[in-house]
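Sequential numbering of the sequence shown, starting at 9, is according to my numbering.
Note that CB positions come from ideal geometry on N, CA and C, so glycine has one too.
This report refers to the structure that appears directly beneath it.
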Amino acid sequence: MKKLLIATGNQGKLRDIKKYLEDLDYEIISLNKLNLNQDIDENGKTYKENSQKKAVFFAKLSNLPTLADDSGVEIDALGGKPGIDSRYWAKNDEEIIKKLTKLSKDLPSNNRRVTFKSVISLALPNGKVWSAGGKVEGIIAEKENGKRDKGYPYRSFFYLPKIKKYHDEEKLTEDEQRLYNHRYKAIQKIKKIIAKEIKF
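Right, here's the structure in full:
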């Protein structure tokens, strides 16, 4: 079976990406399975730069076609921050939730918009690389959702006004999970590139 490496150490991201690739005839390989634990300096200025850097690095290292994601949360009231620094906004999930708790109390009702963005890059061992993006908009809720999703602290306050639900997989239908997931949208675009560009 053809193999595709997913270049992430985030188990939540890995779970999501594997789920969204289920319809492809590929064996999905994790970094852990190959004992690859190298840290990449994500010093790009955009999601695209960071995701391409990761994808190219691990494709060459593993000699496998590789997908990498870079994503972030852009809060309008903070001028689009934390953006590409979302992962480093605080030292862990708990601290991020503390920041969001304070922010949720401070924001006015007319300035609570937040956007989740993702760029997925596909790289081949020869250095070729492609990227596709996806985004979904919501608002910062006035209070935290009761359930926390490990690895996804921002979801605790991400509310979808159109369907009047938090971004909580247990409360969203299968269709809603896809319609309101930035990573799913990016992966649907990258699947077309996989079908066209990966030759065995």
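Let me make sure I understand the geometry here. Which of I36, K53, D47, Q196 has the alpha-carbon closest to that of I128? Q196
Return the first residue and the last residue of the alpha helix (DSSP H) that T109 is part of. 101-114
Whose C-alpha, out of R191, L69, F166, N18, is nearest the C-alpha of R120? F166
Endpoints, beta strand (DSSP E) assigned at F166: 166-168
Separation of F124 from D170, as counted between CA atoms: The question names Asp, but residue 170 in the sequence shown is Lys. Approximately 16 Å between the Cα atoms of the pair.
Pull the bridge partners of Y174 from the DSSP assignment, please. Y167
Taking the continuous beta strand (DSSP E) assigned at D78, which residues delimit it? 74-83
Beta-carbon proximity check, Y34 vs K11, cutoff 8 Å: yes
Which same chain residues end up closer than 7 Å to E178 when comparing Cβ atoms and leaving out the 5 residues on each side of it in sequence? K155
At least 3 beta-carbon pairs within less than 8 Å: the stretch 12-23 vs the stretch 155-164: yes
Classify G135 as buried or exposed, calling it buried when 16 or more other Cβ atoms lie within 10 Å of its own Cβ. exposed
Where does I202 sit, in a helix, a strand or coil, going by DSSP? helix
Straight-line Cα distance separating Y28 from Y192: 6 Å
Since I believe S164 is in contact with E152 (beta carbons under 8 Å), could you give me their beta-carbon distance rounded to a whole number of angstroms? 5 Å
Quick one: what does DSSP say E182 is sitting in, helix, strand or coil? helix
With a Cβ-Cβ cutoff of 8 Å, do I37 and L75 count as a contact? no
Exposure of S79, with buried meaning 16 or more beta-carbon neighbours within 10 Å: buried
So for G20, helix, strand or coil by DSSP? helix
Over the uninterrupted alpha helix (DSSP H) stretch that includes A63, give me the two end residues. 55-70
State the beta-bridge partners of E145 as determined by DSSP. T123
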